[in-house]
Amino acid sequence: MMNDQSLAIRKFSDLANPTRFLGLAERLLPWFSGLTALLFVVGLYLCFTTQGDYQQGETVRIMYIHVPAAWLSMMCYTVMALSALGTLVWRHPLADVSARAAAPIGACFTLLALVTGSLWGKPMWGTWWVWDARLTSVFVLFLMYLGLIALNRAMDDPGKAAKVSAILILVGFVNIPIIKFSVEWWNTLHQPASVMRLDGPKIDPEFLWPLLVMALAFSMLFFTLHIAAMRNEIWRRRVTSMRRQAARNLGMEGRKA
Amino acid sequence: MIALFLRDLKLSVRAGGGALIGVLFFMTVVAVIPFGVGPDLNLLSRIGPAILWIGALLACLLGLDRLFQAEREDGSLDVMLMQETPLVLSVLVKCLAHWTASGLPLVIASPLLGLFMNMNEVAIGATMLTLLVGTPAITFIGAVGAAVAVALPRGGLLVSILVLPLAIPVLIFGVSAAYAAVEDPAPFLPPFLILIAITLFFAVIGPLAAAAALRSSSD
Amino acid sequence: MPVKLHVEDLAARRGEDLIFQHISLVLQAGEGLVVTGANGSGKSTFLRVLSGLLPVDAGRVRLEGAGSDNLAESSHYLGHRNAMKRELTVSENLVFWQDFMGDSPGGRGLPVEVAIDALGLSGIGHLPFGYLSAGQQRRMAMARLLVAFRPVWLLDEPTAALDASADRMFAGLVRGHLEQGGIVVAATHQPLGIDGVRELRMTGFAGVFAEAGY
Chain Z
1 MMNDQSLAIR
11 KFSDLANPTR
21 FLGLAERLLP
31 WFSGLTALLF
41 VVGLYLCFTT
51 QGDYQQGETV
61 RIMYIHVPAA
71 WLSMMCYTVM
81 ALSALGTLVW
91 RHPLADVSAR
101 AAAPIGACFT
111 LLALVTGSLW
121 GKPMWGTWWV
131 WDARLTSVFV
141 LFLMYLGLIA
151 LNRAMDDPGK
161 AAKVSAILIL
171 VGFVNIPIIK
181 FSVEWWNTLH
191 QPASVMRLDG
201 PKIDPEFLWP
211 LLVMALAFSM
221 LFFTLHIAAM
231 RNEIWRRRVT
241 SMRRQAARNL
251 GMEGRKA
Chain L
258 MIALFLRDLK
268 LSVRAGGGAL
278 IGVLFFMTVV
288 AVIPFGVGPD
298 LNLLSRIGPA
308 ILWIGALLAC
318 LLGLDRLFQA
328 EREDGSLDVM
338 LMQETPLVLS
348 VLVKCLAHWT
358 ASGLPLVIAS
368 PLLGLFMNMN
378 EVAIGATMLT
388 LLVGTPAITF
398 IGAVGAAVAV
408 ALPRGGLLVS
418 ILVLPLAIPV
428 LIFGVSAAYA
438 AVEDPAPFLP
448 PFLILIAITL
458 FFAVIGPLAA
468 AAALRSSSD
Chain G
477 MPVKLHVEDL
487 AARRGEDLIF
497 QHISLVLQAG
507 EGLVVTGANG
517 SGKSTFLRVL
527 SGLLPVDAGR
537 VRLEGAGSDN
547 LAESSHYLGH
557 RNAMKRELTV
567 SENLVFWQDF
577 MGDSPGGRGL
587 PVEVAIDALG
597 LSGIGHLPFG
607 YLSAGQQRRM
617 AMARLLVAFR
627 PVWLLDEPTA
637 ALDASADRMF
647 AGLVRGHLEQ
657 GGIVVAATHQ
667 PLGIDGVREL
677 RMTGFAGVFA
687 EAGY
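Chains as they are written, first to last, in the numbering used here: chain Z, 1 to 257; chain L, 258 to 476; chain G, 477 to 690.
Written out as structure tokens, the structure reads:
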């Protein structure tokens, strides 16, 4: 009996941290979603009321979706890399939940960046896809996200999958600069500067405001989705562990009988 | 450590000729390309270095998933994990043995395939040299993938999916250096030196990450 | 200096599940411990935690009197799998392990031929390991314990797939190791036939245990 009790306490203390997180998520989520919606309303309003570019016409409005999505795709990987550090170095129980929950969101933002980039490319470059350095590195990033998701799905033990994918995330993270650098090298080698640089430092303030608001809106969207996904992941794990407990209890009753 | 190197070499020669299959795969892939792009010798000699590199990249990944899986299945990995010799060192030696058994034959076979692709002597030499320097990097990155997927029964495809994006820099600089040797304006040395740097970088990162992954996937 | 193994308030889990807890014991040089219990009671987990292959959840394990206080480096682990390559010959396998593992301070491993003879399988060292029968393979896996010296042996179901005579021979090996001042921890559900060993009985979930000497 004593053993059962100490077991219960240990399990409880293990769950304390995620439990606190669930409480926090419960309180934060409505505010976050509200703020996200508000920012999107303002941002989209600004997007469609500002003037179009005299060269690109209305298509420039794709930028307000495309650029924030591309930023987010990188920020999401950074969040995953930080979570991976949290898993490996501090062994924080929530870090692995965070990394796992962030991967599909990051993949979605990356896909959004790719699709909008491609849609933008058609009127600008006359083709759906250009092997431009930026597009290519984002595409590689997308492949890395998919690989991580595939790995996570292939492993059934979340604890083990956490450490292993954390290692892979970090290896990918130190690789991203190398990939970016090599893709740029490759690009200058094969494509004489025919591709126009759209988002240089000289951006008109006319475009800057909607862009910033949209970037903020996307970031809030990311945090909202991330917290919600983490909450779902914790719930999913609890359900799994309850099911296991049920199976074991059944087994013990069977043994007694 | 030499014992481990020799054992892995022996195994790769004996275990169904794993090393030979890699070379065969390499030759087959390269031999199939002309059927796809047509027998235009000028075109083939132009894309030759790239074809050889892509073929070598794929052939290097072949069999990498078994690098640690075989050790895990028969329990040898447990014993290796327990030793005083750092696991990183064992992983490094295993990678070197794997490269010697499956990467080096590719390098040696590449001149012959270069002839098939109608490449000139300089291009063949440059491709061989870049393969010699670049393929170890693929093995080292692949070791991370192999270690990560060690517990998965069908990890082979997954290893390729995980490793190929990370191997893109190796491919880029390998092919760039090979082309730079043939095409006049581009200098050969910068991409070649970067390729060496990448290989050395992965020689450190790869075994470290692979050892960490192996430790955490023991059960 | 004689070796001494301390296990203090050890607990381990697999995934989320706590397998056992509060296991404390001390083994002196020359002492053996037999871990018994039903399937799934945590015998294998206990041995894998001792050998450092699974993380310790609570408590600690340490070894005194050996080269390092890290138990994993000073012990042999014989698990369910034999850690031998089917494609290599028996001698090649053993020579490899001898070179790779080296000896712990305080002892020397036997030459490979002597070890093969000690297992009663003289003359088959040149055969590929894969050609041997299951029982012979298991015996050859035990030869690894002899070719490299380690003060502590951690054995998981060592005598599964062995016949009675091989059982007796194995008991002889263990006795010899104990007489030389080694320590043996073996999980088993058939008696090893060795006198004077202690027993750790794993009673399944929650790791309630009873220690009894017999």
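The beta-carbon is built from N, C-alpha and C at its ideal position, and this holds for glycine as well.
Buried versus exposed call for residue i [16 or more other C-beta atoms within 10 Å across all chains shown]
i	result
G/N569	buried
L/L446	exposed
Z/Q245	exposed
G/L481	buried
Z/F142	buried
G/M618	buried
G/A636	exposed
Z/Y64	buried
G/Y553	buried
Z/Y145	buried
Z/D96	buried
L/S269	buried
L/R264	buried
Z/Y45	exposed
L/M258	exposed
G/G606	exposed
G/D632	buried
G/D671	exposed
G/R524	buried
Z/W90	exposed
G/P634	buried
Test: residue i CB closer than 7 Å to a CB of chain Z
i	result
L/A460	no
G/G611	no
G/G518	no
G/G491	yes
L/L423	yes
L/L419	yes
Residue i at chain L interface by Cβ criterion, 7 Å
i	result
G/D575	yes
Z/N339	The requested residue 339 of chain Z does not occur in the structure, where chain Z is confined to residues 1 to 257.
G/R584	no
Z/L46	no
Z/V97	no
Z/W186	yes
G/S527	yes
Z/V195	Because Z/V195 sits at a pLDDT of 42, beneath the cut-off of 50, its placement in the model cannot be relied upon, and the following sentence gives the value as read from the coordinates. Answer no: the Cβ-Cβ gap between Z/V195 and chain L never drops below 7 Å.
G/G555	yes
Z/M74	no
G/F625	no
Residue-chain proximity (residue i, chain G), Cβ-Cβ < 7 Å
i	result
L/M284	no
L/A260	yes
Z/D156	no
Z/G273	Because chain Z here runs from 1 to 257, residue 273 of chain Z falls outside it and cannot be looked at.
L/S475	yes
L/L268	yes
Beta-bridge pairing of residue i - partner residues as DSSP gives them
i	result
G/S551	G/V628
G/E484	G/R536
L/A366	Paired residues: none, contrary to the question.
G/I464	The requested residue 464 of chain G is not part of the displayed model; chain G covers only 477 to 690.
G/T694	Nothing can be reported for residue 694 of chain G, as the shown portion of chain G is limited to 477 through 690.
Per the contact definition of three or more C-beta pairs closer than 8 Å, is the segment 489-499 of chain G in contact with the segment 607-618 of chain G? no
Do the segment 182-189 of chain Z and the segment 113-125 of chain Z touch if we need at least three Cβ pairs shorter than 8 Å? Of all C-beta pairs linking the segment 182-189 of chain Z to the segment 113-125 of chain Z, fewer than three are shorter than 8 Å, placing the two stretches out of contact.
Is the number of C-beta pairs between the segment 343-352 of chain L and the segment 430-437 of chain L that are closer than 8 Å three or more? Contact fails: fewer than three Cβ-Cβ distances are below 8 Å.
What are the complete alpha helix (DSSP H) segments, minimum 4 residues, inside the segment 129-163 of chain Z? 133-154
Just checking, does the segment 319-334 of chain L make contact with the segment 574-584 of chain G on the three C-beta pairs under 8 Å criterion? no
Could you give the uninterrupted runs of the alpha helix (DSSP H) lying entirely in the segment 570-606 of chain G, keeping only those of 4 residues or more? 588-594
Inter-stretch contact (C-beta, 8 Å, three-pair minimum) for the segment 510-517 of chain G and the segment 527-545 of chain G: no
In chain order, each alpha helix (DSSP H) run of at least 4 residues that lies wholly inside the segment 482-529 of chain G: 519-526
Below 8 Å, can you find three or more Cβ-Cβ pairs linking the segment 32-51 of chain Z to the segment 93-111 of chain Z? Touching, no.
Any contact between the segment 57-71 of chain Z and the segment 230-249 of chain Z? By contact I mean 3 or more CB pairs, one from each, below 8 Å. no
At 3 residues or longer, and completely inside the segment 74-125 of chain Z: list those beta strand (DSSP E) runs for me, N to C. none
Evaluate the contact criterion for the segment 421-430 of chain L versus the segment 283-302 of chain L: three or more CB pairs, one atom per stretch, below 8 Å. no
Would the segment 446-457 of chain L and the segment 310-321 of chain L be scored as touching if the rule is three or more Cβ pairs under 8 Å? no
Taking one C-beta from the segment 167-182 of chain Z and one from the segment 464-476 of chain L each time, how about it: are there three or more such pairs within less than 8 Å? Contact holds: three or more Cβ-Cβ distances are below 8 Å.
Give, in chain order, every unbroken run of the alpha helix (DSSP H) that is at least 4 residues long and sits entirely within the segment 301-377 of chain L. 323-330, 333-339, 344-355, 361-373
Assess, as a yes-or-no matter, whether the segment 359-378 of chain L is touched by the segment 582-597 of chain G under the definition of 3 or more beta carbon pairs within less than 8 Å. No: fewer than three Cβ pairs fall under 8 Å.
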